[in-house]
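**Student:** The structure that follows is given in the form of structure tokens.
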Amino acid sequence: MHNPQLNKDGELTHLLSIEGLPQRILTQILDTAASFMEVSARDVKKVPLLRGKSVFNLFFENSTRTRTTFEIAAKRLSADVINLDINKSSASKGETLLDTIDNLCAMHANLFVVRHASSGAPYLIAEHLRNIGRDDVHVVNAGDGRHAHPTQGLLDMYTIRHYKKNFSQLRVAIVGDILHSRVARSDIHALTTLGVPEVRAIGPETLLPKHLDKLGVHVFHDMNEGLKDVDVVIMLRLQNERMTGALLPSAGEYFRHYGLTPQKLALAKPDAIVMHPGPMNRGVEIHSAVADGGQAVILPQVTFGIAVRMAVMSIVAGN
Amino acid sequence: MSPLPNPLPDAEAQCRQLADLIRPQLHHSPALIGIYSGGAWIAERLKELLGLPEDIGLIDVSFYRDDFAEKGLHPQVKPTVIPFDVEGRHLILVDDVLYTGRTTRAALNELFDYGRPASVTLAVLADRGGRELPIGATWCVWNVDLSDGENLVLGRQDDGQLAWRLENA
Numbered sequence: 053m054h055n056p057q058l059n060k061d062g063e064l065t066h067l068l069s070i071e072g073l074p075q076r077i078l079t080q081i082l083d084t085a086a087s088f089m090e091v092s093a094r095d096v097k098k099v100p101l102l103r104g105k106s107v108f109n110l111f112f113e114n115s116t117r118t119r120t121t122f123e124i125a126a127k128r129l130s131a132d133v134i135n136l137d138i139n140k141s142s143a144s145k146g147e148t149l150l151d152t153i154d155n156l157c158a159m160h161a162n163l164f165v166v167r168h169a170s171s172g173a174p175y176l177i178a179e180h181l182r183n184i185g186r187d188d189v190h191v192v193n194a195g196d197g198r199h200a201h202p203t204q205g206l207l208d209m210y211t212i213r214h215y216k217k218n219f220s221q222l223r224v225a226i227v228g229d230i231l232h233s234r235v236a237r238s239d240i241h242a243l244t245t246l247g248v249p250e251v252r253a254i255g256p257e258t259l260l261p262k263h264l265d266k267l268g269v270h271v272f273h274d275m276n277e278g279l280k281d282v283d284v285v286i287m288l289r290l291q292n293e294r295m296t297g298a299l300l301p302s303a304g305e306y307f308r309h310y311g312l313t314p315q316k317l318a319l320a321k322p323d324a325i326v327m328h329p330g331p332m333n334r335g336v337e338i339h340s341a342v343a344d345g346g347q348a349v350i351l352p353q354v355t356f357g358i359a360v361r362m363a364v365m366s367i368v369a370g371n
Numbered sequence: 542m543s544p545l546p547n548p549l550p551d552a553e554a555q556c557r558q559l560a561d562l563i564r565p566q567l568h569h570s571p572a573l574i575g576i577y578s579g580g581a582w583i584a585e586r587l588k589e590l591l592g593l594p595e596d597i598g599l600i601d602v603s604f605y606r607d608d609f610a611e612k613g614l615h616p617q618v619k620p621t622v623i624p625f626d627v628e629g630r631h632l633i634l635v636d637d638v639l640y641t642g643r644t645t646r647a648a649l650n651e652l653f654d655y656g657r658p659a660s661v662t663l664a665v666l667a668d669r670g671g672r673e674l675p676i677g678a679t680w681c682v683w684n685v686d687l688s689d690g691e692n693l694v695l696g697r698q699d700d701g702q703l704a705w706r707l708e709n710a
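Protein sequence lines, in the order shown, are assigned to chains A and B. Note that the first sequence covers residues 53 to 371 in the numbering used here. Note that the second sequence covers residues 542 to 710 in the numbering used here.
Written out as structure tokens, the structure is:
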């Protein structure tokens with residue numbers, strides 16, 4: 053079957069989703085990111101890999117943090133970075149997505165970083181580039197609808213490997229709004245591909261997708277049960293708009309059942325790490341004492357995220 | 542240049558010869574930097590043979606190569622680790638085989654992103670000619686002729702001993 057992310061030699065040419073990527077590519081990205089960690093610690097935090105290349109950040113949906121880390125990553129690779137404030141530009145004048153892409157290609161774009169509210173938008177762009185014969189232009193998905201957020205999934209895997217060394221013995225719990233979370237979806241595919249034996253999903257019935265068991269995920273509605281003896285806890289952000297949609301009674305009620313408190317965290321293994329993709333809602337999904345505590349690795353995740361995005365961009369741009 | 546001997550020379554003995562060549566320069570208190578992977582092994586050997594107290598530096602030039610546009614990123618990049626301040630130091634860059642000179646060029650560029658060394662010299666076990674850049678080794682123990690399709694590869698055996706092998710591209 054044709055995999056739009058891989059070229060004819062089976063090398064990564066776009067990063068659209070973790071689903072469908074072989075373990076060797078995920079491992080290659082994590083290994084390469086480890087080398088980029090060292091670059092960010094130098095006086096001169098730059099390598100010349102993407103010198104003369106143009107990276108366009110196309111954020112059709114707002115995200116300051118993700119856009120900033122992509123921008124820093126591209127700049128540390130010596131690329132020129134252009135941030136398009138797409139809401140205020142051509143799209144609002146009625147230009148179609150693919151017309152925007154054609155115009156940017158005419159400006160000699162080499163790589164698009166795309167965040168879009170519609171699932172599949174980055175696929176559409178990658179397919180279009182293939183149809184017009186521009187296999188020298190690459191696409192990195194920075195989050196599409198509810199579908200995927202592959203670089204977040206990869207930086208989560210980097211974080212886990214950094215603290216736990218390998219994946220083969222781990223019990224990992226993902227807690228919260230899994231139904232609406234592209235991060236959760238990418239994490240589940242990545243954890244499974246990298247050989248984590250037990251992935252758990254914890255959340256209220258209204259916020260868990262059906263058929264999670266088909267992905268090999270163990271489902272828990274009771275956090276006290278689900279957190280027992282886990283090595284890694286991945287908390288998800290509760291999006292406020294879910295509260296109004298009758299999926300949940302109230303933030304307070306949610307925190308009582310699914311907020312990560314020091315008491316609940318004590319059920320996990322003593323050396324368990326706590327992750328969160330940010331931005332956090334303190335007092336909604338996570339207690340401040342946990343967020344600022346010794347087991348939280350939430351800020352290291354952000355630092356690792358830059359190295360992972362440098363790895364992804366340099367790998368796709370070279371293939 | 543001499544043709545390839547059979548059997549191939551003893552790489553461990555060559556390391557000792559290389560150390561003998563470098564020994565007179567130790568009053569500069571130079572620091573060793575090995576280029577992955579062969580150069581890193583040789584630099585480790587030189588540290589022992591010369592009795593240098595300081596950890597060696599390790600350099601992977603993948604992020605500085607000039608063939609990225611054609612070949613892409615090397616699939617196995619290792620982290621560069623320079624455990625000392627490069628600024629003002631006398632550095633000895635160590636590699637196994639000197640050929641086109643492009644790896645040396647990339648390593649020099651990477652080193653200068655860490656600071657401005659007082660000097661950089663190049664120590665290699667083998668020089669096979671075929672230079673494409675104006676680069677030469679300061680110390681070399683073996684000049685050898687190889688044809689284009691042949692590659693001299695330094696390996697480390699299970700017992701930790703370094704040994705040459707010949708590969709045909």
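Where is the CB? At the ideal position from N, CA and C, for every residue including glycine. Fair warning: this is a prediction, and the values are worked out from it, not measured in the lab.
In its own chain, which residues sit with a C-beta less than 7 Å from the C-beta of residue 231 (chain A), not counting the 5 before and 5 after it?
**Tutor:** 259, 260 and 261, listed in sequence order.
**Student:** For a contact defined as C-beta to C-beta under 8 Å, what are the partners of residue 618 (chain B) on chain A?
**Tutor:** What residue 618 (chain B) touches in chain A: 83, 84 and 87.
**Student:** Any C-beta of chain A sitting closer than 9 Å to the C-beta of residue 596 (chain B)?
**Tutor:** Residue 596 (chain B) does not count as touching chain A.
**Student:** Go through its chain and collect everything with a Cβ distance to residue 352 (chain A)'s Cβ below 8 Å, but skip five positions before and after it.
**Tutor:** So the qualifying residues of the chain are 211 and 214.
**Student:** For residue 625 (chain B), decide whether its Cβ has a neighbour in chain A, counting only Cβ atoms nearer than 9 Å.
**Tutor:** No, residue 625 (chain B) does not count as interfacial toward chain A.
**Student:** Using Cβ-Cβ distances below 8 Å, what residues of the segment 90-111 of chain A are close to chain B?
**Tutor:** Result list: 90, 91, 94, 95, 96, 98, 99, 100 and 101.
**Student:** Beta strand (DSSP E) containing residue 564 (chain B): first to last residue?
**Tutor:** Neither: residue 564 (chain B) is in no beta strand (DSSP E) and is coded neither H nor E.
**Student:** From A:339, A:81, A:184 and A:171, pick the residue whose C-alpha is nearest to that of residue 113 (chain A); which is it?
**Tutor:** The candidate whose alpha carbon is nearest that of residue 113 (chain A) is A:171.
**Student:** Could you tell me which of B:570, B:543 and B:545 sits nearest to residue 661 (chain B), measuring between CA atoms?
**Tutor:** Checking every option, the nearest Cα to that of residue 661 (chain B) belongs to B:570.
**Student:** Taking Cβ to Cβ, would you say residue 583 (chain B) is nearer than 9 Å to residue 636 (chain B)?
**Tutor:** Against a cut-off of 9 Å, the Cβ pair of residue 636 (chain B) and residue 583 (chain B) comes out as a contact.
**Student:** Comparing alpha-carbon positions, which option in A:67, A:62, A:61 and A:54 lies nearest residue 362 (chain A)?
**Tutor:** Among A:67, A:62, A:61 and A:54, the Cα nearest to that of residue 362 (chain A) belongs to A:67.
**Student:** Would you kindly report the start and end of the unbroken alpha helix (DSSP H) that includes residue 208 (chain A)?
**Tutor:** Where residue 208 (chain A) is concerned, the enclosing alpha helix (DSSP H) stretches over 202-216.
**Student:** Could you please give me the residues that DSSP links to residue 660 (chain B) through a beta bridge?
**Tutor:** Per DSSP, B:631.
**Student:** Using Cβ-Cβ distances below 9 Å, what residues of the segment 641-661 of chain B are close to chain A?
**Tutor:** Per Cβ criterion, the list reads 650, 651, 653, 654, 655 and 656.
**Student:** Roughly how many whole angstroms lie between the Cα atoms of residue 704 (chain B) and residue 568 (chain B)?
**Tutor:** Residue 704 (chain B) and residue 568 (chain B): Cα-Cα distance of roughly 30 Å.
**Student:** From the DSSP secondary-structure annotation, give me the bridge partner or partners of residue 681 (chain B).
**Tutor:** Paired residue(s): B:665.
**Student:** Nearest to residue 659 (chain B) by CA position, among B:641, B:565, B:628 and B:670, is which residue?
**Tutor:** Minimum Cα distance to residue 659 (chain B) is reached at B:628.
**Student:** Shorter than 9 Å from the beta carbon of residue 358 (chain A) to some beta carbon of chain B?
**Tutor:** No, no contact with chain B.
**Student:** Who are the Cβ neighbours of residue 324 (chain A) in its own chain at under 8 Å, not counting the five residues just before and after it?
**Tutor:** For residue 324 (chain A), where only same-chain residues beyond five positions count, the Cβ hits under 8 Å are 282, 283, 284, 285, 317 and 347.
**Student:** Helix, strand or coil: which one does DSSP assign to residue 103 (chain A)?
**Tutor:** Coil at residue 103 (chain A), not helix or strand.
**Student:** Measure from the C-beta of residue 603 (chain B) to each C-beta in chain A and report whether the shortest distance is under 9 Å.
**Tutor:** Cβ-Cβ to chain A under 9 Å: yes for residue 603 (chain B).
**Student:** Quick one, which of A:355, A:233 and A:275 has its alpha-carbon nearest residue 252 (chain A)'s?
**Tutor:** When each option's Cα is compared against that of residue 252 (chain A), the closest is A:275.
**Student:** DSSP state of residue 172 (chain A), grouped into three classes?
**Tutor:** Coil, per DSSP.
**Student:** For residue 229 (chain A), collect the residues of the same chain with a Cβ closer than 7 Å to its Cβ; drop the 5 residues on either side in sequence, then sort them by chain order.
**Tutor:** Here the set comprises 255, 259, 288, 290, 291 and 294.
**Student:** Give a yes or no on whether the minimum CB-CB distance between residue 57 (chain A) and chain B is below 9 Å.
**Tutor:** Not one chain B Cβ lies under 9 Å of residue 57 (chain A).
**Student:** Please report how far the alpha carbon of residue 90 (chain A) lies from the alpha carbon of residue 97 (chain A), in whole angstroms.
**Tutor:** Rounded to whole angstroms, residue 90 (chain A) to residue 97 (chain A) spans 9 Å at the Cα level.
**Student:** Across the segment 364-371 of chain A and the segment 75-86 of chain A, are there enough close Cβ pairs to call them in contact, namely three or more that are closer than 8 Å?
**Tutor:** Yes: the two stretches touch, three or more of their Cβ pairs being nearer than 8 Å.
**Student:** For residue 614 (chain B), decide whether its Cβ has a neighbour in chain A, counting only Cβ atoms nearer than 9 Å.
**Tutor:** Yes, its Cβ sits closer than 9 Å to a Cβ of chain A.
**Student:** Do residue 237 (chain A) and residue 199 (chain A) count as a contact pair if the criterion is CB distance below 9 Å?
**Tutor:** In contact: residue 199 (chain A) and residue 237 (chain A) (Cβ atoms closer than 9 Å).
**Student:** Would you grab the beta carbon distance between residue 206 (chain A) and residue 224 (chain A) for me? Rounded to a whole angstrom, and I think it's under 8 Å.
**Tutor:** Contact flag wrong, Cβ pair sits at about 15 Å.
**Student:** In angstroms with no decimal places, state the Cα-to-Cα distance between residue 685 (chain B) and residue 639 (chain B).
**Tutor:** Between residue 685 (chain B) and residue 639 (chain B), the C-alpha separation is close to 10 Å.
**Student:** Helix, strand or coil for residue 147 (chain A) per DSSP?
**Tutor:** In the structure shown, residue 147 (chain A) sits in coil (DSSP, three-state: anything other than H, G, I, E or B).
**Student:** Does the segment 674-693 of chain B touch the segment 111-130 of chain A, meaning 3 or more C-beta pairs lie closer than 8 Å?
**Tutor:** As far as the Cβ criterion goes, the segment 111-130 of chain A does not touch the segment 674-693 of chain B, which means the pair count is below three.
**Student:** Between A:332, A:319, A:134 and A:130, which has its C-alpha nearest residue 103 (chain A)'s C-alpha?
**Tutor:** Minimum Cα distance to residue 103 (chain A) is reached at A:130.
**Student:** According to DSSP, is residue 270 (chain A) part of a helix, a strand, or is it coil?
**Tutor:** Of the three classes helix, strand and coil, the one that applies to residue 270 (chain A) here is strand, per DSSP.
**Student:** Round the Cβ separation of residue 573 (chain B) and residue 593 (chain B) to the nearest angstrom and send it over; I've been treating them as touching at under 8 Å.
**Tutor:** About 7 Å separates the two Cβ atoms, so the contact holds.
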